[in-house]
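Asker:
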Ligand code: PLP
């Protein structure tokens, strides 16, 4: 094996990867061969120094940018002190991290249950909702992704939803998506009203007293960055309240700055009962996620054992990185940067691209959370075929841009620290590729 390995580190990385690494969500023969060896801010490099603008934020998680020195330093300092500790012990970094997280949540949230990522956050939120309500069913939308563990992947509504005999009581419904409305709506208001009527019918048909929670991504992410239309989330909250159903908002992708706000739901005037998070909370520098628990649900477990836990819950390196990430995002105005650059530059620039390229059917988003939906025909809205999307993706990478491509969409999701110059460079690359690579 060793003799066959080629000289450069990039080639060595590819060789080892092909030989030994089993990749997620991919036929192994089609796994990417792109090497990323180092990063800084919104840029990454391979070993030979080839530079890429990271407009994927990896899996839409590097909100603070790559290798922020304050976070790297905090991890280093914590590593010198203590690198692992059981969740049952008391640790200052854990308390500090939880305090920072709840400081961004609405009033009435004081406790955080830490997990290793987003899927297990949803898993535990579902369990809490069931134990708190004594009910079983969980309603979630078809166009959603909630993670890849037992109940989370069944709650997921997109193509990754898999049958799982251990995950019970999951029901799916259609959320709002005006561009491809299931309800024949032509305005956001109509879409909102009709999607709510549909949800009301699903609740009635399932039996309200059997439903523990409605689980929603505040802004569905991987499914297409569909901003909820006016009144939708408030209407869901009202339906839930009417029937004693809990509302779990999954902020794993849209939380901690991505939408231009600390939490995406801050822009929609709703207050959930449970909030799940991961990704942006520490930009994935160390795996971490969790559930932020409202006081009445937390109180359920004051004198009753919560049957759940993880060896690495509240891991010290993760906790130190959360404290440093959230403090730095606040002191450097990083969430405001995401909001402003989305409003002032990304939104208008993508709208201009849509004016120029008929293949762009719709542009939507906010903050650093945008989608360009590509179509073969603007009138029929037929999605651009997979082969064309593949060509676009390769052309973007060739020109030095790491894209997030999903189905017939390019998601424009750079780190929250992205600069105006980097956005301008990226937009020029999208423009060129849309002109030449189709
Ligand atoms: N929820 C949402 C909205 C996500 O986007 C993801 C991952 O992309 C998850 C949950 C699962 O998170 P993880 O991959 O950390 O388990």
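Residue numbers (our numbering): 1 to 438.
Beta carbons are placed, not taken as given, at the ideal position from N, Cα and C, and that holds for glycine.
Evaluate the contact criterion for the region 98 to 110 versus the region 212 to 232: three or more CB pairs, one atom per stretch, below 8 angstroms.
Answerer: No, they do not touch.
Asker: Can you find a heavy atom of the ligand PLP that lies under 7 angstroms from the Cβ of residue 222?
Answerer: Flag set: Cβ of residue 222 near the ligand PLP.
Asker: Along the chain, where does the alpha helix (DSSP H) containing residue 212 start, and where does it finish?
Answerer: From DSSP, residue 212 is part of no alpha helix (DSSP H) but of the beta strand (DSSP E) over 211 to 217.
Asker: Does at least one heavy atom of the ligand PLP sit under 7 angstroms from the Cβ of residue 175?
Answerer: Checking the Cβ of residue 175 against the ligand PLP gives no.
Asker: Return the residue from the list 381, 385, 378 and 432 that minimises the CA-CA distance to residue 399.
Answerer: Among 381, 385, 378 and 432, the Cα nearest to that of residue 399 belongs to 432.
Asker: Can you have a look at residue 358 and say buried or exposed, based on whether 16 or more other CB atoms are within 10 angstroms of its CB?
Answerer: It is exposed - the Cβ of residue 358 has fewer than 16 other Cβ atoms within 10 Å.
Asker: Taking a contact to mean a Cβ-Cβ separation below 8 angstroms, would you say residue 346 touches residue 417 in this structure?
Answerer: No, the Cβ-Cβ distance between residue 346 and residue 417 is not below 8 angstroms.
Asker: For residue 122, verify whether its CB is less than 7 angstroms away from any heavy atom of the ligand PLP.
Answerer: Yes - the ligand PLP has a heavy atom lying nearer than 7 angstroms to the Cβ of residue 122.
Asker: Since residue 115 and residue 124 are thought to touch, with beta carbons under 8 angstroms apart, how far apart are those beta carbons, to the nearest angstrom?
Answerer: Contact flag correct, Cβ pair sits at about 6 angstroms.
Asker: Runs of 3 residues minimum, wholly inside the region 98 to 164: which ones carry the beta strand (DSSP E) assignment?
Answerer: Listed in chain order, they are 109 to 115 and 137 to 141.
Asker: Excluding the 5 residues preceding and the 5 following residue 181 in the sequence, name in chain order all residues of the same chain whose CB lies nearer than 6 angstroms to its CB.
Answerer: Within the same chain, residue 181 has close Cβ partners 191.
Asker: Give me the Cα-Cα distance between residue 252 and residue 381, rounded to the nearest whole angstrom.
Answerer: Computed Cα separation, rounded: 29 angstroms.
Asker: As an exercise, report each continuous alpha helix (DSSP H) stretch of at least 4 residues that is fully enclosed by the region 317 to 372, in chain order.
Answerer: Listed in chain order, they are 334 to 341 and 347 to 356.
Asker: Is the Cβ-Cβ distance between residue 308 and residue 127 less than 8 angstroms?
Answerer: Contact flag set, yes.
Asker: For the region 238 to 248 and the region 160 to 176, state whether three or more C-beta atom pairs, one from each stretch, are separated by less than 8 angstroms.
Answerer: Because the criterion of three Cβ pairs below 8 angstroms is not met, the region 238 to 248 and the region 160 to 176 do not touch.
Asker: Does the separation of the CB atoms of residue 442 and residue 403 fall below 8 angstroms?
Answerer: Lying before the first or after the last residue shown, residue 442 is absent from the chain, which here runs from 1 to 438.
Asker: On the three-state DSSP scale, how would you describe residue 399?
Answerer: Looking at residue 399 - three-state DSSP - the assignment turns out to be coil, as it is neither helix nor strand.
Asker: Does DSSP put residue 75 in a helix, a strand or coil?
Answerer: The answer is helix: DSSP assigns residue 75 an H, G or I state.
Asker: For the region 139 to 146 against the region 311 to 319, are there 3 or more C-beta pairs whose distance is under 8 angstroms?
Answerer: These segments do not touch.
Asker: Who are the Cβ neighbours of residue 337 in its own chain at under 7 angstroms, not counting the five residues just before and after it?
Answerer: For residue 337, where only same-chain residues beyond five positions count, the Cβ hits under 7 angstroms are 416 and 417.
Asker: Does the distance from the CB of residue 389 to the CB of residue 375 come in under 8 angstroms?
Answerer: Cβ distance not < 8 angstroms, so residue 389 and residue 375 don't count as in contact.
Asker: Rounded to a whole number of angstroms, what is the C-alpha to C-alpha distance between residue 256 and residue 184?
Answerer: Computed Cα separation, rounded: 34 angstroms.
Asker: Kindly indicate which residue of 370, 153, 277 and 325 has the alpha-carbon position closest to the one of residue 96.
Answerer: If we check each option's Cα against that of residue 96, 325 comes out closest.
Asker: Below 8 angstroms on the Cβ atoms is my guess for residue 260 versus residue 335; work out the distance and round it to an integer in Å.
Answerer: That pair is a contact at about 7 angstroms.
Asker: Could you compute how far the alpha carbon of residue 349 sits from the alpha carbon of residue 215?
Answerer: For residue 349 and residue 215, the distance between alpha carbons rounds to 33 angstroms.
Asker: Relative to the alpha-carbon of residue 298, which residue among 130, 156, 143 and 89 has its alpha-carbon at the smallest distance?
Answerer: Residue 298 has its Cα closest to that of 130, out of 130, 156, 143 and 89.
Asker: So is the beta-carbon of residue 434 under 7 angstroms away from any non-hydrogen atom of the ligand PLP?
Answerer: It does not: the Cβ of residue 434 is nowhere closer than 7 angstroms to a heavy atom of the ligand PLP.
Asker: Candidates 119, 102 and 46: which alpha carbon is nearest residue 310's?
Answerer: Ranking 119, 102 and 46 by Cα distance to residue 310 puts 119 first.
Asker: What number of angstroms, rounded off, separates the C-alpha of residue 394 from the C-alpha of residue 426?
Answerer: Looking at the two C-alpha atoms, the distance is approximately 15 angstroms.
Asker: In whole angstroms, what separates the C-alpha of residue 369 from that of residue 14?
Answerer: Distance between the alpha carbons of residue 369 and residue 14: 31 angstroms.
Asker: First and last residue of the beta strand (DSSP E) that includes residue 40?
Answerer: 38 to 40 is the extent of the beta strand (DSSP E) around residue 40.
Asker: Using the three-state DSSP reduction, which class does residue 406 fall into: helix, strand or coil?
Answerer: In the structure shown, residue 406 sits in a strand (DSSP, three-state: E or B).
Asker: Nearest to residue 235 by alpha carbon, out of 207, 258, 189 and 66?
Answerer: Closest option to residue 235, Cα to Cα, is 189.
Asker: Is any heavy atom in the ligand PLP found nearer than 7 angstroms to the beta carbon of residue 250?
Answerer: Indeed, a heavy atom of the ligand PLP lies less than 7 angstroms from the Cβ.
Asker: Taking only the alpha-carbon atoms, compute the straight-line gap between residue 409 and residue 38 and give it to the nearest angstrom.
Answerer: In a straight line, the C-alpha of residue 409 is about 27 angstroms away from that of residue 38.
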